[in-house]
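J.: Numbering (the working numbering), first residue to last: 290 to 365.
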Amino acid sequence: MLDKDKITQQAKKIMDNFMDALQKIEHKDIDFQVRREKNVRDDKATLNTNADFSERMLKNAPATKDNCILAEKKKW
Numbered sequence: 290m291l292d293k294d295k296i297t298q299q300a301k302k303i304m305d306n307f308m309d310a311l312q313k314i315e316h317k318d319i320d321f322q323v324r325r326e327k328n329v330r331d332d333k334a335t336l337n338t339n340a341d342f343s344e345r346m347l348k349n350a351p352a353t354k355d356n357c358i359l360a361e362k363k364k365w
């Protein structure tokens, strides 16, 4: 049990030192927004797909129904 307490104290000391070092760093407020004139994709961009793509995807899927892939949730 002594080793666990010692490791916990060392970890706390490391974290405290790290937090102190972070507080000394100067930082600027940065605006992370992306401004675009257009928010959606062009429909033309989606038309350039391979013609047999969906057919190959459905063929590789383990289970399909009406051109949709059937998937199971939480199957590990």
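Every residue gets a Cβ at the ideal spot worked out from N, C-alpha and C, and that includes glycine.
Remember, it's a predicted structure, so these values are computed and weren't measured experimentally.
(1) CA-CA distance, Asp341 and Asn349?
(2) Could you give the residue range of the alpha helix (DSSP H) that holds Arg324?
(3) Have a look at Lys362 and Asp309 and give me their C-alpha separation to the nearest angstrom.
(4) Could you compute how far the alpha carbon of Glu344 sits from the alpha carbon of Asp355?
(5) Where does Lys293 sit, in a helix, a strand or coil, going by DSSP?
T.: So, to answer that:
(1) Here the question's residue 341 lines up with position 52 in the sequence shown. Here the question's residue 349 lines up with position 60 in the sequence shown. Distance between the alpha carbons of Asp341 and Asn349: 12 Å.
(2) For this step, residue 324 is matched to residue 35 along the sequence shown. Here Arg324 belongs to no alpha helix (DSSP H), and DSSP marks it neither H nor E.
(3) Here residue 362 refers to the residue found at position 73 when the sequence shown is read from its first residue. Here residue 309 refers to the residue found at position 20 when the sequence shown is read from its first residue. Roughly 45 Å between the two C-alpha positions.
(4) Working through the sequence shown from its first residue, we reach residue 344 at position 55. Working through the sequence shown from its first residue, we reach residue 355 at position 66. C-alpha separation (whole angstroms): 12 Å.
(5) As a first step, residue 293 must be located in the sequence shown, where it is residue number 4. Reduced to three states, the DSSP call for Lys293 is helix.
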